[in-house]
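Residue numbers (the working numbering): 50 to 269.
Some notes on the structure that comes next.
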């Protein structure tokens, strides 16, 4: 660089070639930077050449910076794609688990419906038996004097009432279990619906990043 500047100032930049043993100058050559670049010794020409070289440098600098920015953008896209792909796989695993949970919850609801249906007949039968028994209640004097008929009827009435209460409690327990199963089923379905939306959004994100990566790869 110094040799180029000296030549541009009009100074002698010839390089001497000496004999190794005697030290005698055997030749003089022009440095290659001078012969290749041919620096102008005219101040105006040198200034013009400098401006031209500076413009070329700035253009090249801008191009390199743009290339670096493009490479960095591609690197960021690749990293984002890796993260998004990992997230997508995680969501798919969660989806598979929720699909299984929904199926299981649906089966439980179906089982609870069957359990509830099984309680209807005992309740109806116990109600009919108690109603029929109540219709045959002994008269006033039988109750007043606590006859054997009244005692027998009362004992049967207590037994039928207890039976009705038991089957009614079982029916209510079956109804409560069904409502709980339906609530669980609805909750799992809601989570599945939400996850499906997240999965669709993440799939679209991955597709967009894959397309960007493919375009960057083809550009190179």
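The beta carbon of each residue, even a glycine, is placed where N, CA and C say it ideally should be.
Beta-ladder partner(s) of residue i, from DSSP
i	result
residue 167	Answer by DSSP bridge pairing: none, since residue 167 is not bridged.
Coarse secondary structure for residue i, derived from DSSP in three states
i	result
residue 195	coil
residue 161	helix
residue 185	coil
Beta carbon of residue i nearer than 8 Å to that of residue j
i	j	result
residue 191	residue 199	yes
residue 162	residue 227	yes
residue 175	residue 205	no
residue 178	residue 248	no
residue 130	residue 258	yes
residue 230	residue 151	no
residue 244	residue 144	yes
CA nearest to the CA of residue i, picked from the options
i	options	result
residue 170	157, 138, 216 and 133	216
residue 219	165, 133 and 112	165
residue 160	234, 256, 238 and 203	234
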